[in-house]
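The structure appears below as structure tokens.
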């Protein structure tokens, strides 16, 4: 049975994220007591990542090929094992993108895709879902350019679910659920601007 997108939006708006517990079982919603976020007003720009960006010579493309990015992330091996981007979850993200509620952020060099990530986006909040890369350091560059793009386009909060050293360099913090819900309500107010397809950040 197809998931109603209105229910999906309501789930995100109340601080939950999707999980697939396997065939024959409905998709479920999860919420963490400690939530990792990047407050974009306090975004830190890493000089070492900026140097790597210069070395790679890539560019950020937004929504160049959303479906390809999601499937690439689904196929990428995970250190913890298992698969969370199942066909059912992928279908939800593709439908969200078609409705203008999800975006891909792609680090490209010519025709090559060096790194990419995608997020659910509405209001002034972006919910990071998955990311992958091919070349050392390209994932960091893609993340930094994505965060800069989001800030420049009026977003206030980047939800990463759980805190990691990888994201702490950009100013990520872990906050208790009640504080997260307050920040989420504020960031869900109108203000984030939609981008045209395949917008490039020079």
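Numbering (my numbering), first residue to last: 1 to 202. Yeah, the Cβ is synthetic: ideal placement off N, Cα and C, and Gly gets one too.
Start-to-end residues for the alpha helix (DSSP H) that takes in residue i
i: residue 164; result: Neither: residue 164 is in no alpha helix (DSSP H) and is coded neither H nor E.
i: residue 33; result: Residue 33 -> no alpha helix (DSSP H), and no H or E assigned at all.
i: residue 97; result: 87-98
i: residue 147; result: 138-152
i: residue 60; result: Where residue 60 is concerned, there is no enclosing alpha helix (DSSP H), although the beta strand (DSSP E) it sits in stretches over 59-62.
i: residue 56; result: 47-56
i: residue 71; result: 66-75
Cα-Cα separation, residue i to residue j
i: residue 120; j: residue 153; result: 15 Å
i: residue 20; j: residue 30; result: 10 Å
i: residue 25; j: residue 84; result: 14 Å
i: residue 50; j: residue 60; result: 13 Å
i: residue 108; j: residue 16; result: 31 Å
i: residue 3; j: residue 66; result: 20 Å
i: residue 175; j: residue 12; result: 17 Å
i: residue 199; j: residue 23; result: Below a pLDDT of 50, predicted positions are generally treated as unreliable, and residue 199, at 34, falls in that range; the measurement from the model is reported next regardless. C-alpha separation (whole angstroms): 37 Å.
i: residue 40; j: residue 91; result: 29 Å
i: residue 112; j: residue 18; result: 30 Å
i: residue 179; j: residue 166; result: 22 Å
i: residue 137; j: residue 53; result: 8 Å
Beta-carbon spacing of residue i, residue j below 8 Å
i: residue 206; j: residue 72; result: The first residue shown for the chain is 1 and the last is 202, placing residue 206 beyond what the model contains.
i: residue 104; j: residue 64; result: yes
i: residue 156; j: residue 125; result: yes
i: residue 69; j: residue 94; result: no
i: residue 163; j: residue 36; result: yes
i: residue 147; j: residue 43; result: yes
i: residue 149; j: residue 62; result: yes
i: residue 123; j: residue 172; result: no
i: residue 114; j: residue 135; result: yes
Start and end residues, beta strand (DSSP E) containing residue i
i: residue 25; result: First-last for residue 25: undefined, no H or E at that position.
i: residue 114; result: 112-122
i: residue 3; result: Neither: residue 3 is in no beta strand (DSSP E) and is coded neither H nor E.
i: residue 130; result: 125-133
i: residue 105; result: 102-109
i: residue 174; result: 173-176
Same chain, Cβ closer than 8 Å to residue i, five either side skipped, listed in chain order
i: residue 46; result: 140, 144, 169, 170
i: residue 7; result: none
i: residue 89; result: 18, 20, 27
Contacts around residue i, its chain only, beta-carbon distance under 7 Å, and the 5 residues preceding and following it disregarded
i: residue 99; result: 5
i: residue 130; result: 73, 85, 117, 118
Residues near residue i by beta carbon distance below 6 Å, same chain, minus five either side
i: residue 76; result: 132
i: residue 33; result: 177
i: residue 9; result: none
i: residue 221; result: Because the chain is modelled from 1 through 202, residue 221 falls outside the range shown and cannot be assessed.
i: residue 184; result: 15
Within-8 Å CB hit, residue i to chain D
i: residue 153; result: The displayed structure is made up of one protein chain only, and chain D is not part of it.
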